[in-house]
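This report refers to the structure that appears directly beneath it.
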Amino acid sequence: MGEIETRADCSRCAALCCIAYPSDDMPGFSARKAAGEPCPKLGRDGLCTIYERREEEGFAGCIRYECFGAGQHVVETLFAGRDWRSDPALLPAMVENFLAMRPVSDLLFLARRAEARGGEVADIVERLETMASSRESLIAAEGLASCERDLRALYRQLGPERD
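In the numbering used here, the protein residues as written are 1 to 163.
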(Lines of atoms letter the chains of each structure in order from A and count residues from 1; the text may use other names and numbers.)
(Lines give C-alpha, C1' and ligand atoms only; values in the text may rest on other atoms or scores of the structure.)
Protein backbone atom coordinates (compact mmCIF):
# COMPACT_ATOMS: atom_id res chain seq x y z
CA MET A 1 0.00 0.00 0.00
CA GLY A 2 2.86 2.43 0.68
CA GLU A 3 2.97 5.33 3.07
CA ILE A 4 -0.36 7.06 3.57
CA GLU A 5 -0.19 10.78 2.82
CA THR A 6 -1.17 13.11 5.63
CA ARG A 7 -1.86 16.26 3.63
CA ALA A 8 -5.05 16.85 1.70
CA ASP A 9 -4.95 16.91 -2.09
CA CYS A 10 -8.47 17.97 -3.06
CA SER A 11 -7.77 17.31 -6.74
CA ARG A 12 -7.55 13.59 -5.93
CA CYS A 13 -10.69 13.45 -3.79
CA ALA A 14 -14.42 13.50 -4.53
CA ALA A 15 -15.60 16.39 -2.33
CA LEU A 16 -16.29 14.00 0.55
CA CYS A 17 -15.85 16.71 3.19
CA CYS A 18 -18.41 18.82 1.30
CA ILE A 19 -20.96 16.07 1.89
CA ALA A 20 -20.01 14.27 5.10
CA TYR A 21 -20.22 17.09 7.63
CA PRO A 22 -23.12 19.27 8.74
CA SER A 23 -22.61 23.03 8.55
CA ASP A 24 -25.34 24.29 10.86
CA ASP A 25 -23.92 26.93 13.18
CA MET A 26 -20.33 26.32 12.08
CA PRO A 27 -18.19 29.41 11.56
CA GLY A 28 -16.84 29.77 8.05
CA PHE A 29 -19.77 28.05 6.29
CA SER A 30 -22.55 30.36 5.13
CA ALA A 31 -24.89 27.58 3.94
CA ARG A 32 -26.84 25.30 6.23
CA LYS A 33 -26.76 21.60 5.44
CA ALA A 34 -27.16 18.33 7.26
CA ALA A 35 -24.51 15.62 7.52
CA GLY A 36 -24.54 13.44 4.40
CA GLU A 37 -26.15 16.17 2.31
CA PRO A 38 -24.09 17.79 -0.48
CA CYS A 39 -23.04 21.40 -0.02
CA PRO A 40 -25.36 23.64 -2.06
CA LYS A 41 -22.24 25.01 -3.79
CA LEU A 42 -21.34 21.62 -5.28
CA GLY A 43 -22.21 21.45 -8.96
CA ARG A 44 -23.79 18.47 -10.71
CA ASP A 45 -20.27 17.34 -11.61
CA GLY A 46 -19.36 17.17 -7.91
CA LEU A 47 -17.00 20.15 -8.15
CA CYS A 48 -17.20 23.35 -6.14
CA THR A 49 -18.91 26.10 -8.12
CA ILE A 50 -17.28 28.86 -6.02
CA TYR A 51 -13.83 27.34 -5.47
CA GLU A 52 -11.88 30.51 -6.37
CA ARG A 53 -14.28 32.74 -4.38
CA ARG A 54 -14.92 30.60 -1.28
CA GLU A 55 -13.80 33.22 1.21
CA GLU A 56 -15.75 36.03 -0.44
CA GLU A 57 -18.86 33.83 -0.56
CA GLY A 58 -18.69 33.03 3.17
CA PHE A 59 -16.96 29.64 2.97
CA ALA A 60 -13.59 30.41 4.57
CA GLY A 61 -14.02 27.25 6.65
CA CYS A 62 -13.55 25.24 3.47
CA ILE A 63 -10.15 26.85 2.97
CA ARG A 64 -9.05 26.19 6.55
CA TYR A 65 -10.31 22.59 6.67
CA GLU A 66 -7.66 19.85 6.50
CA CYS A 67 -8.59 16.17 6.18
CA PHE A 68 -4.93 15.06 6.46
CA GLY A 69 -5.26 12.99 3.29
CA ALA A 70 -8.36 11.03 4.34
CA GLY A 71 -10.29 12.02 1.21
CA GLN A 72 -7.78 10.95 -1.39
CA HIS A 73 -7.03 7.76 0.56
CA VAL A 74 -10.70 6.78 0.48
CA VAL A 75 -11.05 7.51 -3.25
CA GLU A 76 -7.74 6.13 -4.49
CA THR A 77 -7.05 3.23 -2.13
CA LEU A 78 -10.30 2.06 -0.62
CA PHE A 79 -12.45 2.60 -3.73
CA ALA A 80 -9.69 2.06 -6.33
CA GLY A 81 -10.30 5.42 -8.00
CA ARG A 82 -14.07 5.00 -8.33
CA ASP A 83 -16.33 7.59 -6.76
CA TRP A 84 -19.91 8.68 -6.25
CA ARG A 85 -19.80 11.19 -9.12
CA SER A 86 -19.80 8.37 -11.67
CA ASP A 87 -21.62 5.85 -9.45
CA PRO A 88 -24.00 7.61 -7.03
CA ALA A 89 -24.69 4.34 -5.20
CA LEU A 90 -21.16 4.59 -3.74
CA LEU A 91 -21.91 7.80 -1.85
CA PRO A 92 -23.10 6.35 1.49
CA ALA A 93 -20.17 3.93 1.73
CA MET A 94 -17.67 6.60 0.70
CA VAL A 95 -18.96 9.03 3.33
CA GLU A 96 -18.89 6.30 5.99
CA ASN A 97 -15.29 5.41 5.09
CA PHE A 98 -14.23 9.06 4.95
CA LEU A 99 -15.62 9.67 8.45
CA ALA A 100 -13.84 6.53 9.69
CA MET A 101 -10.58 7.48 7.96
CA ARG A 102 -10.42 11.02 9.37
CA PRO A 103 -9.29 10.05 12.90
CA VAL A 104 -6.81 7.55 11.44
CA SER A 105 -5.34 10.29 9.23
CA ASP A 106 -5.21 12.70 12.16
CA LEU A 107 -3.28 10.17 14.25
CA LEU A 108 -0.92 9.36 11.36
CA PHE A 109 -0.18 13.07 10.99
CA LEU A 110 0.56 13.37 14.72
CA ALA A 111 2.67 10.20 14.66
CA ARG A 112 4.83 11.60 11.86
CA ARG A 113 5.25 14.86 13.79
CA ALA A 114 6.35 12.86 16.84
CA GLU A 115 8.76 10.87 14.67
CA ALA A 116 10.31 14.11 13.39
CA ARG A 117 10.93 15.01 17.05
CA GLY A 118 12.71 11.72 17.68
CA GLY A 119 9.78 9.62 18.85
CA GLU A 120 9.63 5.92 18.04
CA VAL A 121 6.36 5.52 16.15
CA ALA A 122 6.89 2.54 13.84
CA ASP A 123 4.47 0.30 15.75
CA ILE A 124 1.76 2.97 15.93
CA VAL A 125 2.12 3.84 12.23
CA GLU A 126 2.00 0.16 11.26
CA ARG A 127 -1.20 -0.39 13.26
CA LEU A 128 -2.84 2.70 11.76
CA GLU A 129 -1.81 1.80 8.21
CA THR A 130 -3.13 -1.74 8.70
CA MET A 131 -6.42 -0.29 9.92
CA ALA A 132 -6.61 1.93 6.82
CA SER A 133 -5.73 -0.86 4.38
CA SER A 134 -9.30 -1.99 3.65
CA ARG A 135 -12.83 -0.73 4.06
CA GLU A 136 -13.62 -3.58 6.43
CA SER A 137 -10.68 -2.98 8.77
CA LEU A 138 -11.23 0.77 8.67
CA ILE A 139 -14.90 0.56 9.62
CA ALA A 140 -14.10 -1.94 12.40
CA ALA A 141 -11.39 0.51 13.63
CA GLU A 142 -10.16 -2.02 16.15
CA GLY A 143 -7.23 -0.57 18.02
CA LEU A 144 -7.84 3.09 17.19
CA ALA A 145 -8.23 4.02 20.86
CA SER A 146 -5.05 2.16 21.83
CA CYS A 147 -3.11 3.94 19.05
CA GLU A 148 -4.37 7.25 20.39
CA ARG A 149 -3.39 6.32 23.97
CA ASP A 150 0.09 5.24 22.84
CA LEU A 151 0.55 8.44 20.87
CA ARG A 152 -0.55 10.59 23.82
CA ALA A 153 1.96 8.76 26.05
CA LEU A 154 4.70 9.34 23.49
CA TYR A 155 3.93 13.06 23.31
CA ARG A 156 4.07 13.25 27.12
CA GLN A 157 7.55 11.66 26.97
CA LEU A 158 8.68 14.05 24.24
CA GLY A 159 7.49 17.08 26.19
CA PRO A 160 6.48 20.43 24.74
CA GLU A 161 7.80 21.48 21.34
CA ARG A 162 10.56 24.06 21.42
CA ASP A 163 11.16 26.67 18.74
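C-beta: ideal position from N, C-alpha, C; glycine also. Model, not experiment: these values are computed from the prediction.
Check	Outcome
C-beta neighbour in chain C for A89, strict 8 Å	The chain labelled as chain C is not found in the depicted structure, where only one protein chain is given.
Nearest to C147 (by Cα), restricted to the options I124, E66, K33	I124
contact_flag[the region 138 to 153, the region 102 to 118] where n(CB pairs < 8 Å) is 3 or more	yes
Assigned exposure category for M26 - 16 Cβ within 10 Å defines buried	exposed
Spatial distance of E52 from F59 (CA atoms)	11 Å
Among S23, A122, A141, the one whose alpha carbon lies nearest that of E3	A122
Three-state secondary structure assigned by DSSP to L164	Absent from the model: residue 164. The displayed extent of the chain is 1 to 163, so no value can be given.
Complete alpha helix (DSSP H) runs within the region 123 to 149 (minimum length 4 residues, chain order)	135 to 140
Exposure of G118, with buried meaning 16 or more beta-carbon neighbours within 10 Å	exposed
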